[in-house]
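Residue numbers for the sequence shown follow this note's numbering, beginning at -19 and rising by one. We put the CB at the ideal spot given by N, CA and C, even for glycine. No experiment lies behind these values; they were computed from the predicted model shown. The block underneath contains the structure these notes are about, expressed in structure tokens.
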Amino acid sequence: MGDQQRPARKTAKNRQKSASTNEPEFVQLLTPEGRRVNHPDYDLKLTDDEYRGLYRDLVVTRELDAQGTALQRQGQLGLWPSLLGQEAAQVGSGRALKPQDTVFPAYRELGVQWCRDIDLISSFALFRGTDLGGRDVAADRFNMYAIVIASQTLHAAGYAMGVAKDGAVGTDDGEAVVVYHGDGATSEGDFNEALIWAGVFNSPLVLFCQNNQYAISETNARQFRLPPHRRAEGFGVPGVLVDGNDVLATYAVTETALDRARRGEGPSLIEAYTYRMQPHTTSDDATRYRDEAELDFWRAKDPIVRYRKWLTAEKLADEDYFARVDTEAGELVRELRARVMALTDPEVAEMFDNVYAEMPPGIAAQRAEALEFQASLDEGSEAR
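Printed below as a string of structure tokens:
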């Protein structure tokens, strides 16, 4: 067992012994067998409709993500970063957000985007290469995907400092900022600098680390001696480890951290202990660094299966409901696929336009050269 799987130091926020074996101590409200358990510091009480809604979120997110992989394999997307296995981490945290909160994603946060009611076509257009994924991020309060590892943590830290300086914190209706990143991002300088700034300035920032066990092909044991939630304390930031395959625990832990941020009580780091069932992206060959036994171990902790068991046991949902969700997910997938296929190719000039307020001479020369080259291709095609 690697260092990252050793039991975390017991604190007021992290003293529960995992209900399952071979796992670290983390906050858990729902076991892999679908049994509800109590935690001394965290609880979650939702309406029956809200509980059912979380299942819908999980299933729809998984099906839309699967379509991303399918489209890439069919040559319709250049790349796709699957979130299979991480649905509970994204849905639980995403549903804990309030409308006034601002999100800084990495590049795998399709589930969070779904929970924020943002049109998912922007993510698919980005990976299809028809645009740069741009949206009105101020209106959405959901920033563009960040492909450069950990760069978004500094963006979020700076934005959160601005929120505090604007006086937008201090009450339950304050604004919180959450930034999503992976375990690999914690090895980057940007991440550590973001923690320094967030801690020193007591910013309303929640760093949400989806520890899916791999930074591409590097395991946690090759990345760090202490897991991210333990390292946060060195920056004066409280950290908590949560079962990232438990949608209820993730919701409860994120809600608590966001409430602290909104009230002006400072930053937090959440480490959601989960697993990436698919390769890092569709360009990765995960069979080179992990085996089927490891995948089987994590399949038994599937976030959707456990949640469905609990809903059934509590008589909150039945087979008719599950069937309706499957039907709706299928319809959404077909609609999304049709929209992706209808995306038109961008004009060559678009990669140069709207980048600078005043285009530098060098970029203008490149633009002219690119247009000239495109024209020669068009002429050659017409001649044939």
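Helix, strand or coil, according to DSSP, for residue i in the structure here?
i	result
residue 133	helix
residue 217	coil
residue 251	strand
residue 162	strand
residue 59	coil
residue 143	helix
residue 66	coil
residue 191	strand
residue 198	strand
residue 83	strand
residue 112	coil
Measure from the alpha carbon of residue i to the alpha carbon of each residue in the options, then state which is nearest.
i	options	result
residue 11	68, 107, 98	68
residue 293	32, 252, 19	32
residue 9	229, 86, 358, 244	229
residue 113	119, 146, 100	100
residue 213	172, 232, 238, 157	172
residue 63	77, 56, 93, 78	93
residue 243	47, 143, 170, 281	143
residue 111	352, 178, 233, 324	324
residue 40	310, 61, 85	310
If you draw a straight line from the C-alpha of residue i to the C-alpha of residue j, how long is it?
i	j	result
residue 34	residue 88	19 Å
residue 343	residue 241	42 Å
residue 247	residue 74	17 Å
residue 125	residue 362	38 Å
residue 260	residue 160	16 Å
residue 179	residue 190	20 Å
residue 304	residue 154	37 Å
residue 177	residue 135	11 Å
residue 426	residue 184	The structure shown does not extend to residue 426, since the chain is modelled only from -19 through 364, so no value can be given for it.
residue 272	residue 3	19 Å
residue 23	residue 232	6 Å
residue -15	residue 296	Its pLDDT being 40, under 50, residue -15 is placed unreliably in this model, and the value from its coordinates should be taken loosely. Each residue's alpha carbon lies about 34 Å from the other.
residue 55	residue 49	10 Å
residue 30	residue 139	31 Å
Taking the beta carbon of residue i as the centre, do at least 16 other beta carbons fall within 10 Å, making it buried, or is it exposed?
i	result
residue 376	An answer regarding residue 376 cannot be provided, because it is not within the stretch -19 to 364 covered by the chain.
residue 360	exposed
residue 250	buried
residue 237	buried
residue 108	buried
residue 207	buried
residue 1	With a pLDDT of only 48 at residue 1, under 50, the local geometry of the prediction cannot be trusted, and the value read off the model is given with reservation. Under this definition residue 1 is an exposed residue.
residue 282	buried
residue 267	exposed
Less than 8 Å separating the beta-carbons of residue i and residue j?
i	j	result
residue 200	residue 163	yes
residue 117	residue 96	no
residue 44	residue 320	no
residue 253	residue 219	no
residue 6	residue 312	no
residue 328	residue 351	yes
residue 71	residue 38	yes
residue 256	residue 192	yes
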